[in-house]
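So for the sequence shown, the numbering used here puts the first residue at 1; every next one is plus one.
Every residue gets a Cβ at the ideal spot worked out from N, C-alpha and C, and that includes glycine.
It should be emphasised that the depicted structure is a prediction, and the values quoted were computed from it without experimental measurement.
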Amino acid sequence: MLATARRASLTATGPESSTVPSEETSDIFTLSSDFETASVEEILRWAWRQFGPKIAATSSFQTQSVPLLHIMAKTVPDMPVFFLDTGFHFPETLQYRDLLIAEFGLNVQVLTSEDGHEGFLHRHGDLYRTDPDRCCHLNKVEPLNRAMASLRAWVSGIRRDQTAHRENAHIVSRERSGLYKVNPMATWTRRDVWKYIADHHLPEHPLLASGYTSVGCEPCTRPVLAGEDERSGRWAGQQKTECGLHTASIGAVDPNTNQETRHD
Ligand code: SF4
1 MLATARRASL TATGPESSTV PSEETSDIFT LSSDFETASV EEILRWAWRQ FGPKIAATSS
61 FQTQSVPLLH IMAKTVPDMP VFFLDTGFHF PETLQYRDLL IAEFGLNVQV LTSEDGHEGF
121 LHRHGDLYRT DPDRCCHLNK VEPLNRAMAS LRAWVSGIRR DQTAHRENAH IVSRERSGLY
181 KVNPMATWTR RDVWKYIADH HLPEHPLLAS GYTSVGCEPC TRPVLAGEDE RSGRWAGQQK
241 TECGLHTASI GAVDPNTNQE TRHD
């Protein structure tokens, strides 16, 4: 049973302030712990009650995105889903996105870089080769920051078993910017994802059958070879493992130290 009083306590204080009182942060840490045994549906309903309509999810519409989108469509159908259109996606990803929108009736909103893709190419060319961190920043982090500026909370589909960095993800956290981050899938495993997809007969990303176990932008993704980690096809041969969206948001503010628990 979740601690209703703790969940309700967040309604008393909004994230408008950029400072985080440690007492409130303690509540968030406790709340996040309470959610460790909650279902994705329960966490999403709580988030919508708490923050709606000033809340949005993000999805990259890749191979393992579909369970969260399916559950959202059933439980919080009005919650917007932001799709960061970098202009570098595989055509198959855009087809898959459109298929899921049609099947689930998702409220998808497309975000792009400030210049749009043509403008980006004109100004920066193949920045993904020379400075992929900046390319991700301009195409993903900045557009999301702009969209989130007027919102109170962000729902993401990241899981702790995906990368060493994501092992630190909380189910609910609050950033110094004031934005709440909700990761309802944090406790799910890869096995849970594939079981959910099979049990519910959900459509698979068209590139999965070709060995793309994790799909990002086309220039930065290759198929995974036998025995490799499922995300090893992302930025292969580089130290880079994250686009920057979650490296800036995994951390929460530790109530004991008042320091962010980031692991960039
Ligand atoms: S994944 Fe690659 S192409 Fe996409 S935004 Fe990042 S660096 Fe650019």
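May I ask whether a heavy atom of the ligand SF4 can be found less than 8 angstroms away from the beta carbon of residue i?
i           : result
residue 128 : yes
residue 219 : yes
residue 216 : yes
residue 86  : yes
residue 143 : no
residue 132 : yes
residue 183 : no
residue 107 : no
residue 168 : no
residue 54  : no
residue 195 : no
residue 140 : yes
residue 235 : yes
So what's residue i in DSSP terms, helix, strand or just coil?
i           : result
residue 23  : Low confidence applies here, because residue 23 scores a pLDDT of 43, under 50, leaving its location unreliable; read the following figure in that light. In the structure shown, residue 23 sits in a helix (DSSP, three-state: H, G or I).
residue 252 : Model confidence at residue 252 stands at a pLDDT of 48, short of 50, so the residue's coordinates are unreliable; what they give is reported in the following sentence. Three-state DSSP puts residue 252 in coil, outside helix and strand.
residue 202 : coil
residue 123 : helix
residue 212 : coil
residue 117 : helix
residue 165 : helix
residue 41  : helix
residue 61  : coil
residue 140 : helix
residue 185 : coil
residue 244 : coil
Just list the residues that DSSP pairs residue i with in beta bridges.
i           : result
residue 48  : Looking at the DSSP assignment, residue 48 forms no beta bridge with any residue, so it has no partner.
residue 265 : Any question about residue 265 goes unanswered here, given that the chain covers just 1 to 264.
residue 221 : 234
At what residues does the alpha helix (DSSP H) containing residue i begin and finish?
i           : result
residue 195 : 190-199
residue 130 : 127-130
residue 174 : Run containing residue 174: none in the alpha helix (DSSP H); it sits in the beta strand (DSSP E), 172-174.
residue 182 : Careful: residue 182 lies outside any alpha helix (DSSP H), inside the beta strand (DSSP E) at 180-182.
residue 66  : 66-75
residue 101 : 91-104
Quick check on the DSSP output: the beta strand (DSSP E) that includes residue i runs from which residue to which?
i           : result
residue 58  : 55-58
residue 153 : 153-155
How many whole angstroms separate the CB atoms of residue i and residue j, which I take to be in contact at a CB cut-off of 8 angstroms?
i           : j           : result
residue 241 : residue 163 : 6 angstroms
residue 206 : residue 64  : Incorrect: roughly 14 angstroms between the Cβ atoms, too far for contact.
residue 246 : residue 158 : 6 angstroms
Could you tell me whether any Cβ in chain C is nearer than 9 angstroms to the Cβ of residue i?
i           : result
residue 102 : The chain inventory of the structure shown lacks chain C, comprising one protein chain alone.
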